[in-house]
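Read in the numbering used here, the sequence shown has 104 at position 67, and its numbers run on one by one without any break. Notes to accompany the following structure.
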Amino acid sequence: MKLTIIGHWGAYPEANEATSCYLLEHEGFKLLVDCGSGALSQLQHFCKLEELDAVILSHYHHDHIADIGPLQYSRQVALALKTTEKPLPIYGHPYDQSEFQKLAKPPHTLSFIYNDEHETKIGPISITFLETEHKARCYAMRIELKGKTIVYTADSSYKEEFNTFAKNCDLLICETSFYAHQDGKPYGHMNSTEAATIAKDASVKKLVLTHLPHFGEHSQLVNEAKAVFSGEVVLAKKGLTFEV
Ligand SMILES: [Zn+2]
Ligand SMILES: [Zn+2]
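In structure tokens, the structure reads:
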């Protein structure tokens, strides 16, 4: 599996960048995980929009879904130009019906509910879910293919269940919205120490800090995480790719 970071900002994108968005690829199959603000523009540096096979959304906060509308239009244009014949499936949870209902714009995009209690199969990729601690209903994803595993926390404050959920994964994409001395819990987010604690307790191979704050020096987040987790710690950056 190959993962490319398209957007890594929390809340809003900085100039020429995007909020939460990740591209997962395997043998030509392309799954977009979250589709935040600026994502559609940045994504085109890495793939054609009509090449996307599916989209999955962790939750319905703007920094994870802002570009869903333009993505629907892009598929409408692609179908009209016949650069693809396939509607785009968008997977979301059903616990916010007004948001879920917006995902389907047939015949351009179709909506699907992912089953948060069982494995959901999207193309060759298997995904299981963990409800996070957040202001809106949100799901972390354990993404598996051919014995390799990527875990994406989406947005959450620290919860112990991540230790089991992320156990032994090859890559942990963990939200890190705050520095070690700050408490993210009131906002439904984590700090660098909490991200690293999950990485350590789950014995993950590599930790990627993402959903980054708009203040401070991000290198400090890495130093703080390294003080807790002895494995590799990487700061999320647009265009960074990981092969697992
Ligand atoms: Zn967010
Ligand atoms: Zn959120």
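Cβ coordinates follow ideal geometry from the N, Cα and C atoms, glycine included. Computed from a predicted model, the values in this text were never measured in an experiment.
Near ligand 1, meaning a Cβ closer than 6 Å to any of its heavy atoms, lie the following residues in chain order: 47, 57, 98, 100, 101, 192 and 248. By the C-beta criterion, the segment 140-158 is judged not to be in contact with the segment 54-69, since fewer than 3 inter-stretch pairs fall below 8 Å. The C-alpha of residue 209 is placed about 13 Å away from the C-alpha of residue 229.
Shown here, residue 262 sits in a helix according to DSSP, grouped into three states. Nearest to residue 113 by alpha-carbon distance, out of 86, 234 and 217, is 86. Every alpha helix (DSSP H) stretch that sits fully inside the segment 61-94 and reaches 4 residues is listed by chain position as 76-80. Shortest Cα-Cα distance from residue 143 to any of 153, 130, 126 and 226 involves 126.
In terms of CA proximity to residue 187, 164 leads the group 271, 164 and 224. CA-to-CA, the gap between residue 236 and residue 266 works out to about 7 Å. Per the Cβ contact rule, the segment 255-269 is not in contact with the segment 70-83 (fewer than 3 Cβ pairs under 8 Å).
In the three-state reduction of the DSSP assignment, residue 107 falls in the helix class.
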